[in-house]
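Asker: Following the UniProt record's numbering, the numbering of the sequence shown begins with 1 at its first residue and continues without gaps.
Think of the CB as a built atom: it goes at the ideal place given N, C-alpha and C, for glycine as much as any other residue.
Remember, it's a predicted structure, so these values are computed and weren't measured experimentally.
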Amino acid sequence: MSRRKPTSGLSRRPTRKLPVSGLPVAPAPDRRQAPFLAFASIKQTAGAFTVCLALLLSGCTGDVSDAPTGRVTGTVTGTGTGTASGTGNATPPKVVGRLDLQLDIPWAAVFLPNGTAIISERDSALLKAVHDGRATTIGQVPGVAPGGEGGLLGLALSPGFEADNYLYLYFTAAEDNRIARLKLTEQPDGSLDFADPEVVFTGIPKASTHNGGRIRFGPDGFLYVGTGDSQRREQPQDPNALGGKILRLTPEGDPAPGNPFGNAVYSLGHRNVQGLAWDSAGRLWASEFGPDVNDELNLIDAGANYGWPAVTGAPHRDGFRDAKVVWPSTADSSPSGLEIVGSTAYLGALRGQRLWTVALSGEEASAPVAYFTSEYGRIRDVIKTPDGGFWLLTNNKNPDFVLVLGPPG
Ligand SMILES: [Ca+2]
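(1) Out of curiosity, what's the CA-to-CA distance linking T394 and V265?
(2) Would the C-beta of E375 count as close to ligand 1, meaning under 7 Å from any of its heavy atoms?
(3) Name the DSSP beta bridge partners of N177, please?
(4) If you draw a straight line from the alpha carbon of A117 to that of R317, how long is it in whole angstroms?
(5) Could you give the distance in angstroms between the alpha-carbon of F390 and the alpha-carbon of A365?
(6) Taking the DSSP output, what are the residues bridged to H210?
(7) Which residue wins for smallest C-alpha separation from L167, given the options G154, E234 and N177?
(8) Could you tell me which residues DSSP puts in a beta bridge with R216?
(9) Taking A331 as the reference, which of V141, L103, K206 and Q353 has the closest Cα?
(10) Please enumerate, following chain order, all residues with a beta carbon closer than 6 Å to at least one heavy atom belonging to ligand 1.
(11) With H, G and I counted as helix, E and B as strand and the rest as coil, what does DSSP make of E162?
(12) L360 and D279: beta carbons closer than 8 Å?
(13) Just tell me which of N294, R351 and I138 has its CA closest to the CA of L192.
(14) Apart from the five residues just before and just after Q235, which ones in its own chain have a Cβ nearer than 7 Å to its Cβ?
(15) Spatial neighbours of A310 within its chain, please: CB distance less than 8 Å, with the 5 preceding and 5 following residues excluded, ordered by chain position.
(16) Following the continuous beta strand (DSSP E) through W391, name the residue where it begins and the one where it ends.
(17) Since G226 and L276 should fall inside the 8 Å C-beta cutoff, what is the C-beta to C-beta distance between them, to a whole number of angstroms?
(18) Can you list, in chain order, the residues of its chain with a C-beta nearer than 6 Å to that of L284? Leave out the 5 residues immediately preceding and following it.
(19) Is it the case that the Cβ atoms of L99 and E121 are separated by a distance below 8 Å?
(20) Sort out for me which residues DSSP pairs V273 with in a bridge.
(21) Where A367 and T202 are concerned, what is the direct C-alpha to C-alpha distance, given to the nearest angstrom?
(22) If you follow the beta strand (DSSP E) that N294 is in, where does it begin and where does it stop?
(23) Could you tell me the boundaries of the beta strand (DSSP E) in which S334 lies?
(24) Mark N211 as exposed unless 16 or more other C-beta atoms lie within 10 angstroms of its C-beta, in which case mark it buried.
(25) Give the list of continuous beta strand (DSSP E) stretches no shorter than 3 residues that lie fully inside the stretch 335 to 385.
(26) Tell whether a beta-carbon distance below 8 Å holds between G143 and S208.
(27) Please report the residue range of the beta strand (DSSP E) in which L157 lies.
(28) To which residues of the same chain is S287 closer than 6 Å at the C-beta, ignoring the five residues directly before and after it?
(29) Can you look up Y266 in the DSSP assignment and give me helix, strand or coil?
(30) What do you get for G290, buried or exposed, if any count of 16 or more other CB atoms within 10 angstroms of its CB means buried?
(31) Excluding the 5 residues flanking I340 on each side, which residues of the same chain have their C-beta closer than 6 Å to its C-beta?
(32) Under the assumption that I215 contacts A156 (Cβ atoms under 8 Å), give the Cβ distance between them as a whole number of angstroms.
(33) What residue does the beta strand (DSSP E) around H131 start on, and which one ends it?
(34) Between L127 and F401, is the Cβ-Cβ spacing less than 8 Å?
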C-alpha cells in the first residue's frame, strides 16, 4: 500500500515551542448561574452582539423516568422572551430496541453503505462489525496506546468510500493523538479485514484527559477534527497549537485550503470537543465539555474564538464567541457525540446520563430538553442510522450496548 509522510498541520507556519509537560487544568472561575438555568443565545442581527436569555428549566436534573419510549424528563418552562424559535420544538426520540453486543467502552460508530456498522472500542483498540444484530471483531488497530480518556476514539467514513474503502481513525498513540486511515476489504466469506493503517496527521497533544477525538467529514469534503486542550492551558488560545481546536484537513491530512490561519486550525478556544455535526444549511455545530461548569453547544465559524480558558459559557466578552446552549452544571450533561436531524440536535451526555435534544432555528438554539435520564447510564455517541433513526452508544463498562431509536416524528 502507498505510504506517505504524515503531515503536520502547523507546517505552513512557524511552530511555537511548546512545553512538554502541560500545566494542570484548574477549574475556570465559577460563572455558574443559578442552578437549573440554561441559556439560549440569540443572535438578533447579523454582526450584532448576542443576547443571552436565561430560561428556567424545571426538573431537568435528577428526574428519573422509567418511560421506555423516551418521554420528556425535563420540562422547559422558560420565559422564552425574545426567542425566535421558542422552546420544545425538538422531536421526541423513541426507543425501538437494544443490541447487547458485549461492547467494551465503545467510542464511535459509522455505517457502511451496505448497512454494516463499524464500532471502535477505546481501550481494546478493536474495530468491530455489527451486522444483523451481531458483533464480530474485525481486528485490533496497531499503534494505539490507551490510557485515561485516550485510546481508539473517533471514526469517519471517507466520502468516497464506495471507491476508496477508507475508514479514518483518531487515536492516542505513544507520543500524541493522531489520525490514520485504513482500507476495509471484504473477504470471500463476507467478513471484513484491513491492512496496516496509513497515518495521515500527527502531533495532536495527548494527556490522560481532554484528548478530543471526534472526526467527521463535512459537506465540503474536508475532515473536521475535535481536539482537547490536553491539560495544556496555553494551547487553545494559540492559533499555532493543535490542542483545544477544531481542525479542518484534506482527506490526505493536509491543512484544508482556505483555513483561517493558514494551518490546520479552523476554530480555537476550545476545551475538549467530542461532538461535530452540520445542520441542513451546512452550519457546523460542536459540543464541548466545560470544566465543572458550563458545558456548551457552539455554532462554529471559521477563525472564531470560543473562549477557553479565558471564559466559558456565554459571558458576552469581546473577542470570544458565546455558546448557543450552556449547561451550568456538568453533572447534568458532559456532552460527547452530536447529531443533527431536521432542525433538532441530539447530544449524548456522559456524566448527565441522558440524551439532550435542542431545537435549532437558523443560528438560534432553544433550551435543551432531556430524555432517558439515568435510564441507560452514560452515553458516548449518537449516530444516525440508515433507516433514519439513531444508535446511542453507552459508556458504562458493564458491558456496553447499543440503544436503538426509531426515526424522529
Ligand atoms: Ca466556550
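Answerer: This is what the structure holds:
(1) If you number the sequence shown from 1, residue 394 lands on position 394. If you number the sequence shown from 1, residue 265 lands on position 265. If you take the alpha carbons of T394 and V265, they lie about 30 Å apart.
(2) Stepping through the sequence shown from its first residue, residue 375 is reached at position 375. No; taking the cut-off as 7 Å, the Cβ of E375 has no heavy atom of ligand 1 nearer than that.
(3) As a working note, residue 177 is residue 177 in the sequence shown. Looking at the DSSP assignment, N177 forms a beta bridge with T172 and I204.
(4) For the purposes of this step, residue 117 is taken as the residue at position 117 of the sequence shown. For the purposes of this step, residue 317 is taken as the residue at position 317 of the sequence shown. So the alpha carbons of these two residues sit roughly 43 Å apart.
(5) Against the sequence shown, residue 390 aligns to sequence position 390. Against the sequence shown, residue 365 aligns to sequence position 365. Computed Cα separation, rounded: 21 Å.
(6) By one-based count along the sequence shown, residue 210 stands at place 210. Looking at the DSSP assignment, H210 forms no beta bridge with any residue, so it has no partner.
(7) Here the question's residue 167 lines up with position 167 in the sequence shown. From the listed residues G154, E234 and N177, the smallest Cα separation to L167 is found for G154.
(8) Here residue 216 refers to the residue found at position 216 of the sequence shown. Answer is Y224.
(9) Within the sequence shown, numbered from 1, the residue matching residue 331 stands at position 331. Ranking V141, L103, K206 and Q353 by Cα distance to A331 puts Q353 first.
(10) E296, Y306, G307, W308, T312 and A323
(11) Residue mapping note: residue 162 aligns to position 162 of the sequence shown, counting from 1. Reduced to three states, the DSSP call for E162 is helix.
(12) On the sequence shown, position 360 is the one that residue 360 refers to. On the sequence shown, position 279 is the one that residue 279 refers to. Cβ distance < 8 Å, so L360 and D279 count as in contact.
(13) As a working mapping, residue 192 is identified with position 192 in the sequence shown. Nearest in C-alpha terms to L192, of all of N294, R351 and I138, is I138.
(14) Numbered from 1 along the sequence shown, position 235 holds the residue referred to as residue 235. These residues qualify, in order along the chain: P205, D229, A241, G243 and G244.
(15) Translated into the one-based positions of the sequence shown, residue 310 becomes position 310. Taken in chain order, the residues that qualify are Q237, G269, R317 and F320.
(16) Numbered from 1 along the sequence shown, position 391 holds the residue referred to as residue 391. From DSSP, the beta strand (DSSP E) with W391 extends over F390 to T394.
(17) Mapped onto the sequence shown, residue 226 falls at position 226. Mapped onto the sequence shown, residue 276 falls at position 276. Taking a contact as a CB-CB distance under 8 Å, the pair G226 and L276 counts as one, their CB atoms being some 6 Å apart.
(18) Indexing the sequence shown from 1 puts residue 284 at position 284. For L284, the CB contacts under 6 Å within the same chain, skipping 5 residues up- and downstream, are W278 and I300 in chain order.
(19) By 1-based counting over the sequence shown, the position of residue 99 is 99. By 1-based counting over the sequence shown, the position of residue 121 is 121. In this structure, E121 does not lie closer than 8 Å to L99 by Cβ.
(20) As a first step, residue 273 is located in the sequence shown; it is residue number 273 there, counting from the start. BP columns for V273 point to E288.
(21) Sequence index remark: in the sequence shown, residue 367 carries index 367 (1-based). Sequence index remark: in the sequence shown, residue 202 carries index 202 (1-based). Whole-angstrom Cα-Cα distance: 38 Å.
(22) Here residue 294 is taken as the residue at index 294 of the sequence shown, counted from 1. Unbroken beta strand (DSSP E) run through N294: V293 to I300.
(23) Counted from its first residue, the sequence shown places residue 334 at position 334. Unbroken run through S334: none, as it is neither H nor E.
(24) The residue you call residue 211 lines up with position 211 of the sequence shown. Buried, since its Cβ has 16 or more Cβ neighbours within 10 Å.
(25) Listed in chain order, the complete beta strand (DSSP E) runs (minimum 3 residues) inside the stretch 335 to 385 are 335 to 341, 344 to 349, 354 to 361, 369 to 371 and 379 to 384.
(26) Along the sequence shown, read from residue 1 onward, the residue named residue 143 stands at position 143. Along the sequence shown, read from residue 1 onward, the residue named residue 208 stands at position 208. It is not a contact, given that the beta carbons lie outside the stated cut-off.
(27) On the sequence shown, position 157 is the one that residue 157 refers to. Here the beta strand (DSSP E) through L157 covers L152 to L157.
(28) Stepping through the sequence shown from its first residue, residue 287 is reached at position 287. Hits under 6 Å: G275, L297, P335, L338 and L347.
(29) Against the sequence shown, residue 266 aligns to sequence position 266. Here Y266 sits in strand by DSSP.
(30) Translated into positions along the sequence shown, residue 290 becomes position 290. Buried: at least 16 other Cβ atoms inside 10 Å.
(31) One-based indexing of the sequence shown puts residue 340 at position 340. So the list reads A277 and D279, once near-sequence residues are dropped.
(32) For the purposes of this step, residue 215 is taken as residue 215 along the sequence shown, with counting starting at 1. For the purposes of this step, residue 156 is taken as residue 156 along the sequence shown, with counting starting at 1. Rounded, the Cβ-Cβ distance is 4 Å, consistent with contact.
(33) Translated into the one-based positions of the sequence shown, residue 131 becomes position 131. Here the beta strand (DSSP E) through H131 covers L126 to H131.
(34) Within the sequence shown, numbered from 1, the residue matching residue 127 stands at position 127. Within the sequence shown, numbered from 1, the residue matching residue 401 stands at position 401. Not closer than 8 Å, so no.
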